[in-house]
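Enquirer: Take this structure first; my questions come after.
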Amino acid sequence: MPALPGFSDNNFQSRDDFIEAIIALITPLTRYFSPGKSRIRIPVSTGTHFDESAAQLEGFARPLWAIAPLLFGYDSISNKDLAARVDKLAQPWIEGLVAGTDPKHPEYWGAMHDMDQRMVEAEMIAFALLAAPRRFYEPLGTDQKDNIKDWLSSINGKKMPPTNWRWFRIFCNLALVKVCQVPLSQVQDEMDADLEILDSFYIGNGWSGDGPWQTPEQARQEQVQALETGRRDVIGVGRQADYYSGSFAIQFSQLLYSKFAEDMDKSRCDMYRQRAREFGADIWRYFDSNGSCIPFGRSLTYRFACGGFFGALAFAKVPDMPKPLNSPGAIKGFLVRHLRWWAQNSADIFSTDGTLNIGWLYPNMYMAEDYNSPQSVYWCLKTLITVGLAGDDEFWTLEALPYPAFDLTSHEPRTQIVKAPQQIICNHPSGNHHFMLTPGQFVAWPMKANQAKYCKFAYSSHFGFSVPTGPLIQQIAPDSQLALSRDGGETWAVKWKCEQVKFGNLYLNDDKSKEIRASVARVRWYPWGDRAVSVDTFLIPPLDRWPDWHIRIHRIRFAKAIPSLHTVEGGFAIYGRTRADGMNLPPADIRQGVASGQFEGVCTNDNSTLIASKDGSSGIISHAFLDREQTTISSYALKPDANTNLVRQRTLIPVASVSIPGGLGEDTEVLLTSSFFARSSSGNEDNAGILTTNVVKVITSLALLLTLASSAVSVPSHGLEARAVHCMDDMNRDTLPDVGFQPSLPRSKLIARQVNEAVECIEYLASLGD
């Protein structure tokens, strides 16, 4: 598929660059206008759960995210030729608004009904009226104005879900008051009710969930209901804070509200600006220095809408932002890096006619939502809202500032716990991988691939994540997941709903008594609804000594007997083909590639796998502890179905598999500890992704120390004389203490030898100036 001139080759430096990008993105749509210009249908015959008329309304409405701000700032476009092109581009939307709101016109959109997709698109119509009333409303006749007023008013009194949708009605009523001259008293009660619901989603530090955030009491009530009814498929309350919490919807809408409703609701506008400050202190961490963001959650086909917060922040002109968003140049830096990243990675996101396709980095219906029509993807245009700023605005005149520099001498933590969404952002300055650990989110309503989109343990801005195509393990594509089976692998369960997340600190001492601080997150979850099995998962992010590693510990307990247990746990999915000819990566000995500084292939032994390709490297080292001879552990490169991963069509996943074929009785425990290695081919160093001798040394021996140290926390029965075996149990308390431990050498000769090898590795790293 071709790149798109005007976007793919755009440097996104000046306002004219942004305007050229908008023209390039929207022009391919214009050939698909209906005769009355009120609908657009891209000729792709996929469907949605809502009607086709609403889908074609999407095609009309979503480009208004860019056209309306173009007209908002139209008077300051100094280039006359460019201004004329903007005029020509916008004119069909002015005509289409008249036709779509006219009940007598054959292209009438239809009045809004309960839970109607038209409600979503109405927000863009309202925004266009607020941003450019002189073009969209004031020149119209009385009947045409009345039609617009009646159509927007039809949203009132209708049922809506308790989600970001409530903003759509608020903006309709805001436009009715400020543009259509409807008395505020007529819509005040509706606006107040919606705002109250939206504000109830607030979870702290500037963040809001996309809907109610499940409380422990609600979780208990849901379990009681399941026991009483025998049904576990009831739609409940989830814990969901994704890009809808920021760029896609809630923060974006709060910022627009603070710009347009200042004279009506100053105190709330002030509150939203303060929330933007707090949110901004966190959200920049979800973007890497090259502009890529961590894909997570639903609606990722909206692509560069992920950067919409930065666009809305500049457009709303929020003062006193904290570092690193404390100037227009700083905000511009984050926005343009993100847009440039998409431009540089846009080879497969456009169809041959220049329209955007459904997917992330290539067309992909496995990841699509059942509300994604071919036109839905133009939600991405929200990010270009900054074209509404005047040509002489500081945002355009100042240089884009670079990504915040890492202070290698600072004692600040290299990873950041973001408390509100319960995530740990990992972007260690000495490493080459930007990712996050996320133990506690889930969606409780039926959404395609929801466990893949919210419930994996880790998500990467470089490697993306995978979505399932079917029920078999190759189809589940369990990157950054632990899959369990109790029927011999016929069916598999992965993490979905879970208990509350708790964070704490772990303090380790190495052989030289140097203290190492490690953050740790703990969550309990149940693979099956009958709760026969519980899993306590502990996530430990990268440490200064091991910046490309993270650790997962799973303590599996059995409340009821099960006939067998098989597990498969995956690291990060990675491109699985050779650079030269695109064939499968070959089995390899890592020592063969070290001399030249390059390595490409798959290395595997009993409990570890390393995969290296042009995208970087991904590996796993795993151990299982259970007093049973027939327990077997193996590791290999799992080849999932094609097109499961958002970033690459053909991937491999380093996995570790544990098989316990005999029955497991009540009160049995199994401990799985795994260390995960990943380096991206783009990151903090020029040689990112190249496996040097030093990296090989780490891969072959260092993860063993991490695994043994983590296992020492909870397995005294295997001779690991840990002094803080209570550490994991303390994670069950309401208040987490800082818990230190110093594992002693085990009595087992085998493990003692492995520890000695790991200590040698520590000494080796120290000799490198660690």
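Going by the numbering used here, the letters in the sequence shown line up with residues -19 to 750, in that order.
For every residue, glycine included, the Cβ atom is placed at its ideal position computed from N, Cα and C.
Once you ignore the five residues that flank L622 on each side, which residues in its own chain have a CB closer than 7 Å to its CB?
Expert: One-based indexing of the sequence shown puts residue 622 at position 642. As written in the sequence, residue 622 is Ala, which differs from the Leu given in the question. Excluding sequence neighbours, A622 sits near Q629, R630.
Enquirer: Among F(-2), M427, G186, L77, which has the Cα closest to the Cα of L132?
Expert: For the purposes of this step, residue 132 is taken as residue 152 along the sequence shown, with counting starting at 1. L132 has its Cα closest to that of L77, out of F(-2), M427, G186, L77.
Enquirer: Would you call the stretch 265 to 280 and the stretch 231 to 241 touching, i.e. three or more CB-CB distances under 8 Å?
Expert: Counting Cβ pairs under 8 Å, fewer than three are found: no touch.
Enquirer: What residue range is occupied by the uninterrupted alpha helix (DSSP H) comprising D130?
Expert: Position 150 of the sequence shown, counted from the first residue, corresponds to residue 130. Residues 122 to 133.
Enquirer: By DSSP, does W147 sit in helix, in strand, or in coil?
Expert: Sequence index remark: in the sequence shown, residue 147 carries index 167 (1-based). Helix.
Enquirer: Let me confirm a value: T195 is counted as buried when at least 16 other C-beta atoms fall within 10 Å, else exposed. Which label applies?
Expert: Taking the first residue of the sequence shown as 1, we reach residue 195 at position 215. It is exposed - the Cβ of T195 has fewer than 16 other Cβ atoms within 10 Å.
Enquirer: Who does M416 pair with in a DSSP beta bridge?
Expert: For this step, residue 416 is matched to residue 436 along the sequence shown. I405, Y439, per the DSSP bridge assignment.
Enquirer: Is S249 helix, strand or coil when you go by DSSP?
Expert: Working through the sequence shown from its first residue, we reach residue 249 at position 269. The sequence given here places Cys at residue 249; Ser does not occur at that position. Three-state result, C249: helix.
Enquirer: According to DSSP, what are the bridge partners of D31?
Expert: The residue given as residue 31 occupies position 51 in the sequence shown. Note: D31 sits in no beta bridge, so no partner.
Enquirer: By a C-beta neighbour count over all protein chains shown, 10 Å radius and 16 as the cutoff for buried, is P726 buried or exposed?
Expert: If you number the sequence shown from 1, residue 726 lands on position 746. The predicted position of P726 is uncertain, since its pLDDT is 30 and thus under 50; a value taken from the coordinates is nonetheless stated next. The residue is buried, with at least 16 neighbouring Cβ atoms inside 10 Å.
Enquirer: Look at the Cβ atom of E170, then the Cβ atom of N136, and state whether they are nearer than 8 Å.
Expert: Here residue 170 is taken as the residue at index 190 of the sequence shown, counted from 1. Here residue 136 is taken as the residue at index 156 of the sequence shown, counted from 1. Taking 8 Å as the Cβ cut-off, E170 and N136 qualify as a contacting pair.
Enquirer: Which residue comes first and which comes last in the alpha helix (DSSP H) that contains N430?
Expert: Position 450 of the sequence shown holds residue 430. Per DSSP, N430 belongs to the alpha helix (DSSP H) from 430 to 434.
Enquirer: For D179, tell me which candidate among E479, Y252, P72 has the shortest Cα-Cα distance.
Expert: In the sequence shown, counting from the first residue as 1, residue 179 sits at position 199. In terms of CA proximity to D179, Y252 leads the group E479, Y252, P72.
Enquirer: Looking at the unbroken beta strand (DSSP E) that takes in I755, where does it start and where does it end?
Expert: Residue coverage of the chain in this structure runs from -19 to 750, which leaves residue 755 outside it and unanswerable.
Enquirer: Please state whether the Cβ-Cβ distance between W376 and R(-5) is less than 8 Å.
Expert: The residue given as residue 376 occupies position 396 in the sequence shown. The residue given as residue -5 occupies position 15 in the sequence shown. Against a cut-off of 8 Å, the Cβ pair of R(-5) and W376 comes out as a contact.
Enquirer: Do you know whose CA, among S460, I329, F240, lies nearest C360's CA?
Expert: For this step, residue 360 is matched to residue 380 along the sequence shown. Minimum Cα distance to C360 is reached at I329.
Enquirer: Please go through the same chain and pick out, in chain order, the residues whose beta-carbon is closer than 6 Å to the beta-carbon of L652, but skip the five residues on each side of it.
Expert: Locating residue 652 in the sequence shown gives position 672, where the first residue counts as 1. For L652, where only same-chain residues beyond five positions count, the Cβ hits under 6 Å are H534, A604.
Enquirer: Where does the unbroken alpha helix (DSSP H) through P72 begin, and where does it stop?
Expert: As a working note, residue 72 is residue 92 in the sequence shown. Per DSSP, P72 belongs to the alpha helix (DSSP H) from 60 to 80.
Enquirer: Between the beta-carbon of A457 and the beta-carbon of I633, is there less than 8 Å?
Expert: Numbered from its first residue, the sequence shown carries residue 457 at position 477. Numbered from its first residue, the sequence shown carries residue 633 at position 653. Result yes, Cβ atoms of A457 and I633 sit closer than 8 Å.
Enquirer: Excluding the 5 residues flanking G749 on each side, which residues of the same chain have their C-beta closer than 7 Å to its C-beta?
Expert: For the purposes of this step, residue 749 is taken as the residue at position 769 of the sequence shown. For G749, the predicted structure reports a pLDDT of 31, less than 50, and the residue's modelled location is therefore unreliable. A value from the coordinates is still provided. Excluding positions up to five away in sequence, the list is empty.
Enquirer: Excluding the 5 residues preceding and the 5 following G27 in the sequence, name in chain order all residues of the same chain whose CB lies nearer than 6 Å to its CB.
Expert: Start at 1 with the first residue of the sequence shown, and residue 27 comes out as number 47. The answer is none, since no qualifying residue turns up.
Enquirer: Measuring CA to CA, which of K362, I404, V548 is closest to F(-2)?
Expert: By one-based count along the sequence shown, residue -2 stands at place 18. Cα-wise, what sits closest to F(-2) is K362.
Enquirer: Compute the beta-carbon to beta-carbon distance between A(-17) and S326, rounded to the nearest angstrom, for a pair I have assumed lies under 8 Å.
Expert: As a working mapping, residue -17 is identified with position 3 in the sequence shown. As a working mapping, residue 326 is identified with position 346 in the sequence shown. A(-17) to S326, Cβ: 6 Å. Contact.
Enquirer: Excluding five sequence neighbours on each side, which residues of the same chain lie with their C-beta closer than 8 Å to the C-beta of P15?
Expert: For the purposes of this step, residue 15 is taken as residue 35 along the sequence shown, with counting starting at 1. Hits under 8 Å: E87.
Enquirer: What are the boundary residues of the beta strand (DSSP E) that includes I105?
Expert: Counted from its first residue, the sequence shown places residue 105 at position 125. Segment 98 to 111 is the alpha helix (DSSP H) holding I105; no beta strand (DSSP E) there.
Enquirer: Leaving out the 5 sequence neighbours to the left and right, which residues in its chain are closer than 8 Å to V167 when beta-carbon positions are compared?
Expert: If you number the sequence shown from 1, residue 167 lands on position 187. Exclusion of the five residues before and after V167 leaves N136, N153, L156, V157 as the residues of its chain whose Cβ lies within less than 8 Å of its Cβ.
Enquirer: Measuring from the CB of R248, is there a heavy atom of the ligand FMN at a distance below 7 Å?
Expert: Of ligands this structure carries none, so the ligand FMN is not represented either.
Enquirer: Look up W187 in the DSSP assignment and give the residues it is bridged to.
Expert: Here residue 187 is taken as the residue at index 207 of the sequence shown, counted from 1. Answer is G184, bridged to W187.
Enquirer: Do you know how far the Cα of Q231 is from the Cα of E242?
Expert: Here residue 242 refers to the residue found at position 262 when the sequence shown is read from its first residue. Here residue 231 refers to the residue found at position 251 when the sequence shown is read from its first residue. Between E242 and Q231, the C-alpha separation is close to 16 Å.
Enquirer: Do you know offhand how far G444's Cα is from H414's?
Expert: Here the question's residue 444 lines up with position 464 in the sequence shown. Here the question's residue 414 lines up with position 434 in the sequence shown. Distance between the alpha carbons of G444 and H414 is about 11 Å.
Enquirer: State the Cα-Cα distance for the pair M301 and A310, rounded to the nearest angstrom.
Expert: For the purposes of this step, residue 301 is taken as the residue at position 321 of the sequence shown. For the purposes of this step, residue 310 is taken as the residue at position 330 of the sequence shown. Approximately 10 Å between the Cα atoms of the pair.
Enquirer: Does E470 pass the burial test, meaning 16 or more other C-beta atoms within 10 Å, or should it be called exposed?
Expert: Against the sequence shown, residue 470 aligns to sequence position 490. Result: exposed.
Enquirer: Are the CB atoms of Q220 and V423 nearer to each other than 8 Å?
Expert: What you label residue 220 is simply residue 240 of the sequence shown in a count that begins at 1. What you label residue 423 is simply residue 443 of the sequence shown in a count that begins at 1. Yes, they are a contact pair.
Enquirer: Taking Cβ to Cβ, would you say S588 is nearer than 8 Å to G371?
Expert: Residue 588 sits at position 608 when you count from the first residue of the sequence shown. Residue 371 sits at position 391 when you count from the first residue of the sequence shown. The answer is no: Cβ separation not under 8 Å.
Enquirer: Could you say which of H442, R502, G468 lies nearest to K482 if we only look at CA atoms?
Expert: In the sequence shown, counting from the first residue as 1, residue 482 sits at position 502. With distances taken between Cα atoms, K482 lies closest to R502.
Enquirer: If you reduce the DSSP assignment to three classes, tell me which class P196 lands in.
Expert: Stepping through the sequence shown from its first residue, residue 196 is reached at position 216. Correct three-state label for P196: helix.
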